[in-house]
Amino acid sequence: MDSKIILVFAVCACLFFAGCAQQGISPQGPSGGNDSGAIKTGEPGAQPVPGGQPPGKEPGTVPGSLPPINQSPGQPFPGPGQQMNQSACPPPPAPCLPINQSPGQPFPGPGQQMNQSACPPPPAPCLPINQSPGQPFPGPGQPPNPSPGQQGPSSNTLSPDISTPAKGPVLQGQNKTFRLGSLQFDYYSVAATYPIYSPGVDIIIRAKNTGQAPQTFSLTPISELRTKVPNWNRHFFAFQADSLTLQPGEEKLVHYFASADNGGQFDVNIGFMQGAAKETASISVYSGSMDEARLASSAVIYGTVRDGEGKPVPYAELAFYPFGGRERYYQRTDASGAYFVSVPGVDDVQTFYGGQKLLSNIEYFAMMDAGGYAHYYKDGIAPKRGETLEFNITLQKASPPKGYAMKWESKVSDYYGFFYAFPDENWSVVAAAQAKHDPALGKPTNFYLFDAKTGALKWKHPTGDDCWGFDIKNGLVAAGCSDGRVYVVGTDGTERWEKDCQTQNREVELSPDGSLLLTGPCGNDEYELLNAKTGALVSTAKDAREALRRSRFSPDGQFFVTGASFGNLAMYSLDGKQVWKNYVGEFPLFLEIDNMGNTYASGKGRMIFSYDRQGKERWSFRVPDHVVSAGAISADGSRVVIGTIGAWVYVLDGRTGQVLWRDRIGGENVGHNAVSMSRDGKHVAIGGAPQYGLYIYDENGTRIFTHEAAENPDPILNEKWAGIGRDASAGTQKGTMGTFISDNGDKVVAAYGDDYVRLFERAG
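Just so you know, we're using numbering that gives the first Met the number 0 here: the sequence shown kicks off at 0 and counts up by one.
So this is what it looks like as structure tokens:
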């Protein structure tokens with residue numbers, strides 16, 4: 000054969016393989032205890048498309064690797080639907096498209112199946128020059144021709160490149176200490192954050208009482224600290240009161256959070272006072288960029304991917320992420336199921352942060368979706384500088400899914416779009432409320448009741464504005480609205496009572512038996528507990544003049560928890576007596592109580608807290624990617640699910656706060672109220688925004704159903720869409736805004752921001 004033809008074929012083969020099977024890096028987002036050495040794991044953990052990309056942004060190149068044809072170094076790898084220029088290669092066959100996929104549409108995500116029955120068998124894999132089947136793709140600096148017979152990566156040949164020195168902090172800080180009597184305070188003078196690892200910065204001062212008696216001290220009020228924070232930093236929260244008492248020997252963290260909305264730097268000066276004595280902790284807050292935090296690879300993770308029978312899983316994509324989920328290191332396995340990736344060592348990450356105490360996790364997690372296998376997730380992967388870490392994976396076969404089908408859809412013509420859709424206890428009716436974020440449209444609207452079997456509209460009730468507070472129980476539908484009024488209507492359509500609270504009302508909550516209604520603010524009260532049938536006052540409370548924003552009754556109906564606007568979280572008995580009080584930064588967007596009386600809450604401070612019935616903290620978890628928009632729990636509290644503005648879904652162990660699995664849905668956000676969990680914790684329903692997506696997962700994180708709807712073109716919604724701008728993303732207006740899943744996971748009702756309600760049932 001002519002040598003020129005051989006050369007062209009070899010180059011084509013190498014470049015094609017670089018596009019389809021190379022290791023890559025792409026921008027994207029409590030872990031286990033594995034930190035070094037061999038890790039062997041077989042934990043199951045969304046049903047994928049064979050050979051498909053995980054959800055999220057698409058991969059980029061690795062320094063030293065061959066880019067795809069027509070790709071310049073550092074440019075991202077072509078995404079779904081983008082074509083490589085293969086003019087030097089034989090023309091490829093027509094693409095095999097997924098069911099109902101038209102050319103140019105995005106590649107299906109996990110849980111979507113490809114129809115390959117009409118496709119020709121795939122060609123033999125495209126291998127690099129001189130590479131035999133079963134051998135790994137060479138890493139940066141490795142020769143393209145591994146030794147004959149090598150079937151997988153070897154720790155002797157995959158030596159990490161540590162020639163680049165570890166990168167130091169952008170801002171150098173110092174450890175500092177001061178005392179107030181027997182109180183000692185320790186802190187680091189710089190608090191830095193980078194999007195790869197965290198959605199904001201934790202400002203932490205450790206306080207300890209070294210004396211023999213209780214000591215009380217006060218702090219600069221959070222309201223005063225906020226006046227010194229620049230406008231580009233939108234969220235600045237405290238996780239404690241302005242006055243604290245420490246018992247002898249007790250330690251506490253004084254904790255503040257500043258969101259990383261833009262890059263920049265400012266100083267926070269926190270005063271600590273005890274009587275006439277005062278000391279100040281001066282801390283520089285630095286919000287850096289993705290590029291600043293991209294460190295040179297200094298460690299290697301390698302291993303094999305096999306099924307439960309020990310057979311290799313070839314040509315499947317595996318990705319490792321820093322815990323924030325915004326960066327991705329990936330590679331496809333070879334014919335023998337082997338892989339390797341190069342990553343920055345976790346100790347290099349800590350070196351980059353200097354002496355700063357981190358609540359953000361700097362370890363890696365692995366996530367994998369291969370056709371026919373259950374979703375795989377494992378965190379706590381901590382390779383260190385110069386280390387070659389073996390990490391072997393066992394995938395479990397996915398159970399044959401019982402598909403869901405849409406039973407009905409109902410559409411109205413209204414300004415706002417649906418925010419919530421809740422069935423009654425018997426799933427005989429579905430109540431749905433209209434609202435938007437931010438609630439500034441100022442138009443009259445309605446809340447609605449539909450027949451749960453047919454979707455037929457039973458009635459609608461007018462209001463003067465949108466309704467953020469909404470509930471249905473025991474034959475009553477309650478709404479708290481921006482027109483300042485609370486409405487209670489029977490499921491028969493008869494209005495029972497109405498109350499003017501004289502201020503914007505954003506919360507109503509019916510007790511489990513439907514006899515009581517909690518609402519607020521109402522008049523001068525943070526909350527009012529009312530007789531649900533008559534509206535008669537039962538008890539009230541005022542707490543720091545903060546508006547009620549979220550609330551829940553305990554399952555036994557004997558207590559309730561309130562989440563107030565500036566972060567006060569408190570439990571009360573029915574007579575209005577406070578049982579305990581804690582601080583979660585700002586009002587909780589997610590608030591639940593389990594059957595044991597444990598409370599779970601998360602707000603814009605990107606922390607989840609769990610408290611026992613006495614208010615003692617059980618655990619906390621630093622959410623690594625963005626604000627928790629919604630969440631839910633199993634009845635016994637053993638599982639907690641949250642969805643974020645970053646479009647990630649996490650399921651946590653409700654006893655420890657450890658992540659059991661996570662996945663990223665399509666779109667920009669998880670919908671504003673679009674997270675629900677079956678009472679047994681075995682199914683999760685998530686809504687995506689601004690795409691009108693519904694995603695249902697099983698208990699292992701395998702996506703078992705996906706539905707995406709077209710947007711309603713009703714022009715009445717144009718006024719709402721016109722409000723979407725820089726400060727209000729499309730994901731807070733468009734998309735699936737609410738979900739509710741039945742106790743056993745067989746039914747899901749979903750509320751959409753374009754005036755639709757849909758009900759889905761499991762087939763079989």
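Backbone N, C-alpha and C fix where the C-beta goes; we use that ideal spot for every residue, glycine too. These numbers come from a predicted model, not from an experiment.
Per DSSP, which one or two residues make a beta bridge with residue i?
i, result
"residue 455", "Paired residues: none, contrary to the question."
"residue 302", "338"
"residue 675", "684"
"residue 762", "None; residue 762 has no bridge partner."
"residue 254", "203"
"residue 276", "273"
"residue 380", "363"
"residue 193", "Paired residues: none, contrary to the question."
"residue 264", "285"
To the nearest angstrom, report how far apart residue i and residue j are at their CA atoms.
i, j, result
"residue 654", "residue 461", "43 Å"
"residue 170", "residue 161", "23 Å"
"residue 672", "residue 434", "11 Å"
"residue 303", "residue 373", "17 Å"
"residue 690", "residue 631", "22 Å"
"residue 517", "residue 245", "34 Å"
"residue 613", "residue 650", "25 Å"
"residue 90", "residue 337", "Residue confidence for residue 90 is low, a pLDDT of 40 falling below 50, so the modelled location carries little weight and cannot support an answer."
"residue 530", "residue 474", "14 Å"
"residue 596", "residue 570", "10 Å"
"residue 642", "residue 467", "19 Å"
"residue 385", "residue 159", "5 Å"
"residue 401", "residue 203", "48 Å"
"residue 49", "residue 297", "Caution is warranted here: a pLDDT of 30 is assigned to residue 49, below 50, making its placement in the model unreliable, and the coordinate value is therefore given only provisionally. Approximately 31 Å, taken between the alpha carbons."
"residue 759", "residue 412", "22 Å"
"residue 452", "residue 742", "17 Å"
"residue 732", "residue 273", "48 Å"
"residue 463", "residue 481", "8 Å"
"residue 747", "residue 340", "40 Å"
"residue 709", "residue 495", "37 Å"
"residue 447", "residue 430", "6 Å"
"residue 575", "residue 504", "20 Å"
"residue 680", "residue 639", "8 Å"
"residue 375", "residue 644", "23 Å"
"residue 116", "residue 750", "Any answer about residue 116 is weak, because its pLDDT of 35 lies below 50 and its placement is not dependable; what the coordinates show is given next. Straight-line Cα distance between these residues: approximately 35 Å."
Nearest by alpha-carbon distance to residue i: which of the options is it?
i, options, result
"residue 353", "629, 541, 166", "166"
"residue 647", "561, 640, 662", "662"
"residue 564", "554, 591, 595, 601", "601"
"residue 268", "189, 252, 343", "189"
"residue 669", "158, 677, 683", "683"
"residue 295", "403, 541, 347", "347"
"residue 398", "415, 382, 371, 412", "371"
"residue 285", "262, 276, 272, 278", "262"
"residue 256", "323, 198, 278, 428", "198"
"residue 510", "536, 547, 494, 559", "559"
"residue 362", "349, 368, 345", "345"
"residue 555", "599, 568, 593, 582", "593"
"residue 172", "183, 187, 163, 418", "187"
"residue 572", "590, 394, 591, 551", "551"
"residue 636", "610, 415, 665, 525", "610"
"residue 490", "271, 501, 532", "532"
"residue 456", "278, 168, 436, 407", "407"
Apply the 10 Å Cβ neighbour rule to residue i and answer buried if 16 or more other Cβ atoms are within range, or exposed otherwise.
i, result
"residue 660", "buried"
"residue 420", "buried"
"residue 465", "buried"
"residue 211", "exposed"
"residue 192", "buried"
"residue 623", "buried"
"residue 714", "exposed"
"residue 439", "exposed"
"residue 757", "buried"
"residue 712", "exposed"
"residue 289", "exposed"
"residue 378", "buried"
"residue 127", "In this predicted model, residue 127 has a pLDDT of only 34, less than 50, meaning its place in the structure is not dependable; the value taken from the coordinates is given anyway. Under this definition residue 127 is a buried residue."
Inset, instruction - Enumerate, from N- to C-terminal direction, the unbroken beta strand (DSSP E) stretches of 3 or more residues contained entirely within the segment 585 to 649. - result: 589 to 592, 598 to 601, 606 to 610, 616 to 621, 627 to 632, 638 to 643
Legend entry - Segments assigned beta strand (DSSP E), at least 3 residues, entirely inside the segment 197 to 222: 199 to 208, 214 to 218
Inset, instruction - Please list the segments of the alpha helix (DSSP H) lying wholly inside the segment 390 to 455, counting only runs of 4 or more residues, in order along the chain. - result: none
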